[in-house]
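Line by line, the protein sequences give chains X and D.
Start counting the first sequence at 1; every next residue gets the next number (the UniProt record's numbering).
Start counting the second sequence at 1; every next residue gets the next number (the UniProt record's numbering).
For each residue, glycine too, the CB sits at the ideal point set by N, CA and C.
Model, not experiment: these values are computed from the prediction.
Notes to accompany the following structure.
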Amino acid sequence: MMVDGVEDEEKWLAAGIAGLQQNAFYMHRALDSNNLRDALKYSAQMLSELRTSKLSPQKYYQLYMRAFDELRKLEMFFKEETRRGCSIIDLYELVQHAGNILPRLYLLCTVGSVYIKSKEAPAKDVLKDLVEMCRGIQHPVRGLFLRSYLSQISRDKLPDIGSEYEGDADTVNDAMEFVLQNFTEMNKLWVRMQHQGPAREKDKREKERSELRDLVGKNLHVLSQIEGVDLDMYKETVLPRVLEQVVNCKDEIAQCYLMDCIIQVFPDEYHLQTLEILLGAFPQLQPSVDIKTVLSRLMERLSNYAASSTEVLPEFLQVEAFSKLNNAIGKVIEAQADMPILGAVTLYSSLLTFTLHVHPDRLDYADQVLGACVKKLSGEGKLEDNRATKQIVALLSAPLDKYNDIVTVLKLSNYPSVMEYVDSETNKVMAMVIIQSIMKNNTQISTADKVGALFELIKGLIRDLDGAAHDQVDEDDFKEEQNSVARLIQMLQNDDTEEMFKIICTVRKHILTGGPKRLPFTVPPLVFSSLKLVRQLQGPEENPFGEEGSTTPKKVFQLLNQTIETLYGVPAPELALRLYLQCAEAANDSDLEPVAYEFFTQAYILYEEEISDSRAQVTAIHLIIGTLQRMHVFGVENRDTLTHKATGYSAKLLKKPDQCRAVYACSHLFWVDDQDNMKDGERVLLCLKRALRIANAAQQMSNATRGSTGSVTLFVEILNKYLYFFEKGNTQINAAAIQSLIELITAEMQSESNSPDPAADAFFASTLRYIQFQKQKGGAVGEKYEPIKV
Amino acid sequence: MNYLIGAFKPACNISITFADGKNRKQISIEPVLGKKVEHNGVKIELLGQIEMYFDRGNFYDFTSLVRELDVPGEIYERKTYPFEFSTVEMPYETYNGVNVRLRYVLKVTVSRGYGGSVVEYQDFVVRNYTPPPSINNSIKMEVGIEDCLHIEFEYNKSKYHLKDVIIGKIYFLLVRIKIKNMDLEIRRRESTGSGANTHVETETLAKFELMDGAPVRGESIPIRLFLSPYELTPTHRNINNKFSVKYYLNLVLVDEEDRRYFKQQEITIYRLQENS
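See the structure below:
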């Protein structure tokens, strides 16, 4: 059915065009031979094609455009006729002899155009006659196109100010009256379409209507182009008349489109000065009209206007734009009780954008808008509508975008309340927006109160909100979110240590509610933030005799200890261990031996009780050794205890090579270069020997299990340690020991059971080359190496 | 009956000319070259006739005047006779209708004893001008079909001259039918004869579209109809008890099912002195 309809329509259009062209051809012939009679006859026949009812507006438009082009030629002809002496008044009568009304009126408009140009009659009289006579077309589509033609041909002939058609009798008032009348009639026709034809074709009809709407709207555009329509006239006549028509037509589509049209075509300052009149129309519109979009556009325009120049801002204040808009929105929301929440939120969002642009200094206005929004939302419960949620995000983002400063936003007392009404997913989105804003603008949030408020805002990221489903959370998203929180924590900074400590406490309080999934992300930045504070406390300005209760490194460390402990429950022992070691090192720098010792103890406990994976153990032990090596705060006893334990752990690793490497690493614990009291050559040698033993055992084990010895890598590594300590002047390590180790390795490599390992070979060769190099260096070093033969 | 009539050319040519715009005219008679015309006298008649086509072409003279132009004799060469009918009453206009014709004619008869008389006719048109009527009310009327269609229409006058323009408007008070278009027709009603023999013939002379599409309540549609393009005559009322010609404006509304709703109003058409 549908397809047939379209095909038929194509056929009718083709037939219409053919008929039109044929008559146009005869018309041209008549024009060429200056035959007025035939010209009128064939032009009328040509225009008769426009009488069809079979075409959709779109197709009809194609036909109309062709006729339009032909009528231009006819108009030229009429003009020449009058030059040849034919009276324009006679012509004006002559075309009215046509029996069919539609061709008659097209011809009348065409001659009318020439008539006005001839100035033989006042333009206003001709215009008035034309616009009145057009009443004869009551068919919506044909009427709209005819009147659109009238509007087209009269545009440059309106008796506007400064126009050549302006005269004593013709004033801009007449121009305005003419356009207004044509507009009113066109709108009536357009609205009427809605009520004609069967109900089942409603959708089709609405589609057709929307195709035609610009014909109606164009009149408003023409009005806006009339020079003489100044603010006074707009305010006194144009706007009230247009609005009267809009309100009275009681048609949803028309009201929505025309209100938007008014907003778009007339200048911003007009809107500003007539805000009350314009807004007064909104509550009178049909309940189904999408007021929110229209009103939003208005506010958007005004916002842009305000943003365009600071000079216009006083105007806004003068007309109290904000309170008028605020009232109007209140009234609209009140009047349309069943307006979906989306509408209300959109309106508030636009109003907020408006006030932010116009009154950036009036935070109370913004807060007022948010408050009104909260009030509306409170009647609704949590938002379910996706689009409404999006609008809320827009609403909440607006102040951030404007002020680029969360600190300002935090002053809006209703801001968090609005956040309450979005679902946890949106809360997260919003939280991300806030964090990104902070990042982008490098905002300093420097008091604990603000930090507290901020974390309350972004709680969607900080903790699981009631009953939110976790299983659907995308792992990557989650990580992204938590990394953002981590970055945020790093951003918090205050040079005042007291306040900074408070900030840390506040953050801690919030992140501890985050549960095991979040802590691994949030604890580390907090720990490092705290450590930064510790370093600050050691700064030169720090008064070591601070008053009671002031922040001390000790207090911070205490807090840190408690914070890291929370990772037990996650569990994340490896992370906790690393953090403990970091803290220990910081305590070392602060010369707090007991604290450092405490941290090490915690790390050891974790190592013993929680870290069971062998690879994790290897990593952990190397971390422990590395950290411990750098510690200088410990007394002999404490250090011995810790070193002893570390060595013990090393020897107990699961795999021999790991054991071997850990043990020879331990050798460094007894030899700290820049501290003479920590150079115990004997114990270094003990460690290395032990490492050698283990390497040997590893070799044998390998031989026993696989029939071939493993690589000599471990030996070469130990050789390198020997060389290191040899060079550092450890007297326990002598050339003989090195010599024998080299021989051992060479023997191993030549043994038949040795499986070749090119990497180890190369390593060994480089090591030998190094020895050779050192020998050749001469001087003290060369001398030292002299005894070693390779 | 003379069977030779028609076999030969007439013995002479007669031409009638109007010397000036008034009643003084002349005729000239010219014999066929080299021949003489004998006659029993020459006369000219002015006749006003009404001819009814259905009545076997019979006509009635309502005016008949005779002037004797010549006594019996012979005409050898072209001869001119002036003549004049002064103060002739010509109360009716020339009219050519469907069933009836009103004509004025000049009839010249050259009577001859044998060979038949030579007769020549010359029609002429009579127009009677009417001064503008002193009373010319508008036609205003409200009509309708209950709960279906109520309209009010107005024509600016009831009497129009031939080159007049009808101005008016139609106001829709109630529209419950789907109107497709609205036309204004000019109809001529010619009635001839009387009593049982009355013949009535109605012609639509103009069909002028006033409105395209369906109006709604409150719409008012303008009327502007120029009469000049149409071949109208003045209204004739009871001409010599033989015929009448009347004009009507017929307002026709057509709905989507092509049903016609109409209202007919008589108007009077008169001839106005054009330079007055």
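Just by C-beta distance, which residues in the stretch 210 to 225 of chain D are closer than 8 Å to chain X?
-> Hits within the stretch, in order: 210, 211, 212, 213, 214, 215, 216, 219, 220, 221, 222 and 224.
Looking only at C-alpha atoms, which of D:64, D:65, D:70 and D:60 sits nearest to residue 28 of chain D?
-> Against the second sequence, residue 28 of chain D aligns to sequence position 28. The option with the nearest alpha carbon to residue 28 of chain D is D:70.
Continuous alpha helix (DSSP H) stretch holding residue 52 of chain D: start and end | Looking up residue 52 of chain D in the second sequence gives position 52. Run containing residue 52 of chain D: none in the alpha helix (DSSP H); it sits in the beta strand (DSSP E), 42 to 52.
Exposed or buried, what is residue 248 of chain X when buried is set at 16 or more other beta-carbons lying within 10 Å of its beta-carbon?
-> As a working note, residue 248 of chain X is residue 248 in the first sequence. The residue in question, residue 248 of chain X, is exposed, as its Cβ has fewer than 16 Cβ neighbours within 10 Å.
Test: residue 842 of chain X CB closer than 7 Å to a CB of chain D = An answer regarding residue 842 of chain X cannot be provided, because it is not within the stretch 1 to 790 covered by chain X.
When the Cα atoms are used, what is the spatial distance from residue 518 of chain X to residue 482 of chain X?
-> Within the first sequence, the letter at position 518 stands for residue 518 of chain X. Within the first sequence, the letter at position 482 stands for residue 482 of chain X. Each residue's alpha carbon lies about 7 Å from the other.
Grouping DSSP H, G and I as helix and E and B as strand, with all else coil, what is residue 329 of chain X?
-> For the purposes of this step, residue 329 of chain X is taken as the residue at position 329 of the first sequence. The three-state secondary structure of residue 329 of chain X, taken from DSSP, is helix.
What is the rounded straight-line gap between the Cα of residue 143 of chain D and the Cα of residue 264 of chain D?
-> Position 143 of the second sequence, counted from the start, is the residue given in the question as residue 143 of chain D. Position 264 of the second sequence, counted from the start, is the residue given in the question as residue 264 of chain D. In a straight line, the C-alpha of residue 143 of chain D is about 11 Å away from that of residue 264 of chain D.
Helix, strand or coil at residue 457 of chain X [DSSP, three-state] | By one-based count along the first sequence, residue 457 of chain X stands at place 457. Note: residue 457 of chain X maps to helix in three-state DSSP.
Minimum Cβ-Cβ distance from residue 208 of chain D to chain X less than 7 Å = Position 208 of the second sequence, counted from the first residue, corresponds to residue 208 of chain D. Interface residue (Cβ-Cβ distance to chain X less than 7 Å): residue 208 of chain D is classified as such.
Quick one: does residue 131 of chain D have its CB under 7 Å from some CB of chain X?
-> Within the second sequence, the letter at position 131 stands for residue 131 of chain D. By this cut-off, residue 131 of chain D is not an interface position.
For residue 430 of chain X, count neighbouring C-beta atoms within 10 Å of its own C-beta (all shown protein chains included) and say buried if the count is 16 or more, exposed if not.
-> Walking along the first sequence from the start, residue 430 of chain X turns up at place 430. Flag for residue 430 of chain X reads buried.
Reduced DSSP secondary structure (H/G/I, E/B, other) of residue 1 of chain X = The sequence position of residue 1 of chain X within the first sequence is 1, counting from 1. Here the model assigns residue 1 of chain X a pLDDT of 39, short of 50, so the residue's position is not dependable, and the following value carries that caveat. Correct three-state label for residue 1 of chain X: coil.
Can you list, in chain order, the residues of the stretch 108 to 137 of chain X whose Cβ is nearer than 8 Å to any Cβ on chain D?
-> From the stretch 108 to 137 of chain X, only 132, 133, 135, 136 and 137 have a Cβ closer than 8 Å to chain D.
Is the stretch 483 to 501 of chain X touching the stretch 439 to 453 of chain X, taking contact as three or more C-beta pairs under 8 Å?
-> Contact between the stretch 483 to 501 of chain X and the stretch 439 to 453 of chain X is present: 3 or more CB-CB pairs across the two stretches fall below 8 Å.
Contacting residues, own chain, Cβ-Cβ under 8 Å from residue 1 of chain X (five flanking each side not counted) | Position 1 of the first sequence, counted from the start, is the residue given in the question as residue 1 of chain X. At residue 1 of chain X the pLDDT is 39, less than 50, meaning the model places this residue with poor confidence; the figure from the coordinates comes in the next sentence. If we look at residue 1 of chain X and ignore the five residues flanking it on each side, it has no Cβ neighbours.
What do you reckon, are the CB atoms on residue 186 of chain X and residue 222 of chain D nearer than 7 Å?
-> Within the first sequence, numbered from 1, the residue matching residue 186 of chain X stands at position 186. Within the second sequence, numbered from 1, the residue matching residue 222 of chain D stands at position 222. In this structure, residue 222 of chain D does not lie closer than 7 Å to residue 186 of chain X by Cβ.
Just tell me which of D:192, D:207, D:209 and D:251 has its CA closest to the CA of residue 201 of chain D.
-> Position 201 of the second sequence, counting from 1, holds the residue named residue 201 of chain D. Cα-wise, what sits closest to residue 201 of chain D is D:192.
When DSSP labels each residue in this structure, what does residue 660 of chain X get in the three-state scheme?
-> In the first sequence, the residue the question calls residue 660 of chain X occupies position 660. DSSP places residue 660 of chain X in the helix class (H, G or I) of the three-state scheme.
Evaluate the contact criterion for the stretch 154 to 172 of chain X versus the stretch 115 to 134 of chain X: three or more CB pairs, one atom per stretch, below 8 Å.
-> Using a Cβ-Cβ distance cut-off of 8 Å, the stretch 154 to 172 of chain X and the stretch 115 to 134 of chain X are in contact, since at least three pairs of beta carbons, one from each stretch, lie closer than that value.
Tell me whether residue 195 of chain X is buried or exposed, calling it buried when 16 or more other Cβ atoms sit within 10 Å of its Cβ.
-> On the first sequence, residue 195 of chain X is found 195 positions in, with the first residue counted as 1. Counting C-beta atoms within 10 angstroms of its own C-beta, residue 195 of chain X has fewer than 16 neighbours from the protein chains shown and is therefore classed as exposed.
Any chain X beta carbon closer than 7 Å to residue 229 of chain D = Counting from one through the second sequence, the residue named residue 229 of chain D turns up at place 229. For residue 229 of chain D, the answer is yes, since a Cβ of chain X falls inside 7 Å of its Cβ.
Ordered along the chain, which non-local residues of its own chain (more than five positions away) have a Cβ less than 8 Å from that of residue 220 of chain D?
-> The residue you call residue 220 of chain D lines up with position 220 of the second sequence. Same-chain partners within the cutoff: 169, 170, 171 and 172.
Among the residues of its own chain, which have a CB less than 6 Å from the CB of residue 107 of chain X, if the five just before and after it don't count?
-> Along the first sequence, one-based indexing puts residue 107 of chain X at 107. Excluding its 5 nearest sequence neighbours in each direction, residue 107 of chain X has C-beta neighbours in its own chain below 6 Å: 95, listed in chain order.
Verify whether the separation of the beta carbon atoms of residue 253 of chain D and residue 141 of chain D is less than 7 Å.
-> As a working note, residue 253 of chain D is residue 253 in the second sequence. As a working note, residue 141 of chain D is residue 141 in the second sequence. No.
Let me know if residue 176 of chain X comes out buried or exposed under the rule of 16 or more other beta-carbons within 10 Å of its beta-carbon.
-> Position 176 of the first sequence, counted from the first residue, corresponds to residue 176 of chain X. Residue 176 of chain X is buried by the Cβ-count criterion.
Buried or exposed: where does residue 585 of chain X fall if 16 or more other Cβ atoms within 10 Å of its Cβ makes it buried?
-> What you label residue 585 of chain X is simply residue 585 of the first sequence in a count that begins at 1. Residue burial annotation: residue 585 of chain X is buried, with at least 16 other C-beta atoms found within 10 angstroms of its C-beta.
How about residue 793 of chain X and residue 663 of chain X: do their beta carbons lie closer than 7 Å?
-> Residue coverage of chain X in this structure runs from 1 to 790, which leaves residue 793 of chain X outside it and unanswerable.
Run of the alpha helix (DSSP H) containing residue 485 of chain X, from where it starts to where it stops | Here residue 485 of chain X is taken as the residue at index 485 of the first sequence, counted from 1. 475 to 491 is the extent of the alpha helix (DSSP H) around residue 485 of chain X.
Would you call the CB atoms of residue 529 of chain X and residue 553 of chain X closer than 7 Å?
-> Walking along the first sequence from the start, residue 529 of chain X turns up at place 529. Walking along the first sequence from the start, residue 553 of chain X turns up at place 553. No.
Is the stretch 234 to 243 of chain D close to the stretch 45 to 53 of chain D, with three or more CB pairs under 8 Å?
-> The stretch 234 to 243 of chain D, when compared against the stretch 45 to 53 of chain D, does touch it at the 8 Å Cβ threshold.
Starting from residue 93 of chain X, find everything on chain D with Cβ-Cβ shorter than 9 Å and list it in chain order.
-> The sequence position of residue 93 of chain X within the first sequence is 93, counting from 1. Here the neighbours are 165, 226 and 228.
Are the CB atoms of residue 58 of chain D and residue 30 of chain D nearer to each other than 7 Å?
-> Here residue 58 of chain D corresponds to residue number 58 of the second sequence, with the count starting at 1. Here residue 30 of chain D corresponds to residue number 30 of the second sequence, with the count starting at 1. Taking 7 Å as the Cβ cut-off, residue 58 of chain D and residue 30 of chain D do not qualify as a contacting pair.
Using a Cβ-Cβ cut-off of 7 Å, state whether residue 89 of chain X counts as contacting chain D.
-> The count along the first sequence starts at 1 and reaches residue 89 of chain X at position 89. Nearest CB-CB separation between residue 89 of chain X and chain D: not below the 7 Å threshold.
Using the Cα positions of residue 642 of chain X and residue 495 of chain X, report the straight-line distance between them to the nearest angstrom.
-> Against the first sequence, residue 642 of chain X aligns to sequence position 642. Against the first sequence, residue 495 of chain X aligns to sequence position 495. Rounded to whole angstroms, residue 642 of chain X and residue 495 of chain X show a C-alpha spacing of 36 Å.
Beta bridge counterpart(s) of residue 181 of chain D as assigned by DSSP | Walking along the second sequence from the start, residue 181 of chain D turns up at place 181. For residue 181 of chain D, the pairing in a beta bridge is given by DSSP as D:212 and D:254.
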